[in-house]
C-alpha cells in the first residue's frame, strides 16, 4: 500500500491531468471554431471585462504588455488548483468530483458564449473539454482504484505505512497509473500544440499586396537619435510599436471573407470587401498614437507612417444623418469604440489603415484594417481588426470604455518625456545630453524647455518636424555639476499653450503633469 499522502497526491494528479487534457482538447476545437472561445482565453477575457478600472490601470502600469500572459497564467494556475482539489475529492466522492469538473468546463463555455461576438458554436470547445475531462478523470482514477485494495481508513493503518517504509507493497498497478499519467501529459501537450498551430491566421499579412498610395507622404527627415544617444527613434520600429488592448487572442481573419459594414443612422448602408477598400484612393500619413493609460513619461506611445483610406470618404458614401453624434466602430472580436462624428469628417484625415511603414498591418496591430485617428487617444479612435462602422448616438449605444467610465471625447494632452539620461543614473560632471520627445497631436510642438532642480527654464533644441500629428524630438546640452539633481521638461504646443503642470491620473481622459527624473553627477 502507498502511504495516505502519496495516495492523495495521485488523486490530485488525476484531477490536474484531467483538467490539462480538457483545456488542450478545448483549445484544439476552438482553433477550428473560434480561437477566442478556447476555455482559458474565454475565462481570461471575462476576467478582463469584469475587472474594475483602477485594477486594470494598476496592471498596465506594473506589468505593461506582459499583463495578458500574466492573466492567462493566473487563470491556468487557479484552474489547476481547483482541478487538483476535485481530484482529491474523487477519492471518496467520484460522482460529485465529475460533476464539479464538468461545471468548470461549463463556466468556460458560459464565458465564451457571453462574449459580444459569440455564436452558438462557441460552446463546442467547452463541451469537448467537459467530455474529455470527465473521461480522463474516470480513466485515471480507475487505474488507481484498480491497483488499490480499498481506500478505507482500515487500509491506512500504521502497519501499512511501516510496510511501505520497508519497501514492500509497491503493487504492479502503480506502473499502469504512471504510464497512463505520462500518456495523458504527452497527449495534452501534443493536442495543445496542434491547436496553437491551427489557430494561426489563414491569411498572413505578408501575402497581401498593397497598391501604391494615390497621395504619398513626403520622406520623413532624419531624426536626432543618431547623434543624441538614448532618444526615441523618430519613427518607431514596427516590432517595438506599443500594443495595449483587451484581446487575449489575436483575431484570425481571412481577407477573402472580410467585410467592412457601414450602417446605422445613414442614408445608404453598404458593405465593402478588402479588395474594394484597397481600390479606393489610399493616402499616407505620419501619425503618433498613444494610449490613454500612459502615465506621464510612460512608454505607451509610438509613431509610424500609415497607409489607408480616409474615413470621411467612406462615411460620405453612406451619408451620415445629422442626428448622429458618434461613430461606433466594432472589432471582429466584438470590442466597440466610440468616436465623435466630427473627428471622422473634419480635415484631420482619420484613416481606415491597412499598412504601417510600407507593409500590411501586423496581426497584433489590427490586420487587415484598423482605425487611426489623429489627435485622439486609442480608446476613442484606433479600433483594431475593424469590421463595422455604425452611425449612432452616445445616448443610444455606449461603447466598451464609455460603459466603464472613461471619457467619451478624449483629445490628446500636450506631453513631453525625458528619454535620456536615465532616471537614477550616475554620470560624470561636464556636458550631458538631455533629450526626449514631446507631442500634441493636432496642434504640434512649438517649444520644449528643460529645468534643473528649481532653476530657470532652458530652451531645448527641437528635432525635425514630422507634422502636427507627429511627435517631436528635442535635446538640451547640460553642463552638469556634482550632486543629486532633478531634471524636468515641459512643452508648448503649436497654439502657444504651455503644457499644464497639474498632475492627473490617466483615468478618465489622459494623464497630465511634468515629467521629472533624478540623476546623480559624481
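Numbering (our numbering), first residue to last: 22 to 543.
All C-beta atoms, glycine included, are put in the ideal place defined by N, C-alpha and C.
- Message: Comparing C-alpha positions only, which one of 493, 342, 306, 344 sits nearest to residue 238?
- Response: Closest by alpha carbon: 306.
- Task: Assign residue 363 to buried or exposed, taking buried as 16 or more other Cβ atoms, counted over all protein chains shown, within 10 Å of its Cβ.
- Result: exposed
- Any chance you could list the beta strand (DSSP E) runs of at least 3 consecutive residues sitting entirely within the region 306 to 387, in chain order? You should have 322 to 331, 347 to 352, 357 to 361, 372 to 377.
- Message: Quick check: what's the CA-CA separation for residue 257 versus residue 311?
- Response: 12 angstroms
- Residues in its own chain within less than 6 angstroms of residue 339 by CB, not counting five upstream and five downstream? 283, 287, 289
- Determine the direct distance from the alpha carbon of residue 249 to that of residue 134, and round the result to whole angstroms. 52 angstroms
- For residue 37, which residues from the same chain have a beta carbon less than 7 angstroms from its beta carbon, with the 5 sequence-adjacent residues on both sides left out? 101, 104, 105, 108
- Message: Let's test the definition: count the other Cβ atoms within 10 Å of the Cβ of residue 485 and tell me whether it reaches 16, buried, or not, exposed.
- Response: Exposed, because fewer than 16 other Cβ atoms sit within 10 Å of the Cβ of residue 485.
- Task: State the start and end residues of the unbroken alpha helix (DSSP H) segment that holds residue 28.
- Result: Note, residue 28: alpha helix (DSSP H), 25 to 54.
- Near residue 496, what residues of its chain come up, given a Cβ to Cβ distance below 7 angstroms and the 5 sequence neighbours on each side ignored? Cβ within range, chain order: 245, 249, 252, 454, 455, 456, 481, 482.
- Rounded separation between residue 525 and residue 460 - CA only: 17 angstroms
- Since I believe residue 425 is in contact with residue 264 (beta carbons under 8 angstroms), could you give me their beta-carbon distance rounded to a whole number of angstroms? Between residue 425 and residue 264 the Cβ distance is about 20 angstroms, and since that is not below 8 angstroms, they are no contact.
- Query: Do the region 146 to 162 and the region 197 to 206 meet, that is, are 3 or more Cβ pairs less than 8 angstroms apart?
  - Reply: yes
- Item | Local Cβ density within 10 Å of residue 470, reported as buried at 16 or more and exposed below that | Buried is the call here.
- Smallest Cα separation from residue 268: which of 34, 56, 538? 56
- Task: Report yes if the C-beta distance between residue 420 and residue 359 is below 7 angstroms; otherwise report no.
- Result: yes
- Roughly how many angstroms separate the alpha carbons of residue 234 and residue 281, rounded to a whole number? 20 angstroms
- Message: Does the contact criterion of 3 or more C-beta pairs under 8 angstroms hold for the region 59 to 74 versus the region 40 to 51?
- Response: yes
- Query: residue 165: which of 197, 145, 140, 148 sits nearest, CA to CA?
  - Reply: 197
- Task: Rounded to whole angstroms, what's the CA-CA distance from residue 398 to residue 116? Just pull it up for me.
- Result: 53 angstroms
- residue 137, DSSP secondary structure in three states: DSSP places residue 137 in coil when its eight states are reduced to three.
- Message: Assess contact between the region 535 to 543 and the region 88 to 98, defined as three or more Cβ pairs (one per stretch) separated by less than 8 angstroms. Is contact present?
- Response: no
- Item | Of the residues 118, 292, 54, the one placed nearest residue 139, counting alpha carbons only | 54
- Nearest to residue 447 by alpha carbon, out of 505, 404, 392? 505
- Going by alpha carbons, who is nearest to residue 507 out of 537, 527, 515, 532? For residue 507, the closest alpha carbon among the candidates 537, 527, 515, 532 is that of 537.
- Tell me where the alpha helix (DSSP H) around residue 540 begins and ends. Premise fails: residue 540 lies in the beta strand (DSSP E), 536 to 542, not in any alpha helix (DSSP H).
- Pick out whichever of 224, 416, 435 has its Cα sitting closest to the Cα of residue 521. 435
- Task: Starting from residue 291, trace the beta strand (DSSP E) both ways and give me its first and last residue.
- Result: 291 to 294
- Message: With H, G and I counted as helix, E and B as strand and the rest as coil, what does DSSP make of residue 441?
- Response: strand
- Message: For the alpha helix (DSSP H) containing residue 431, name the first residue and the last one.
- Response: DSSP places residue 431 outside any alpha helix (DSSP H), giving it a letter other than H or E.
- Message: Measuring alpha carbon to alpha carbon, tell me which residue in 112, 141, 334, 494 is nearest residue 510.
- Response: 494
- Task: Pick helix, strand or coil for residue 407, following the three-state DSSP scheme.
- Result: strand
- Message: Looking at the strands, I want to know which residues DSSP matches up with residue 506.
- Response: 540
- Task: With 7 angstroms as the threshold, decide whether the Cβ of residue 64 is near any Cβ in chain D.
- Result: The structure shown contains no chain D; it holds only a single protein chain.
- N- and C-terminal bounds of the beta strand (DSSP E) containing residue 474: Per DSSP, residue 474 is not a residue of any beta strand (DSSP E), being assigned neither H nor E.
- Quick one: give me the first and last residue of the alpha helix (DSSP H) that residue 285 is part of. Note, residue 285: premise wrong, no alpha helix (DSSP H); beta strand (DSSP E) at 280 to 285.
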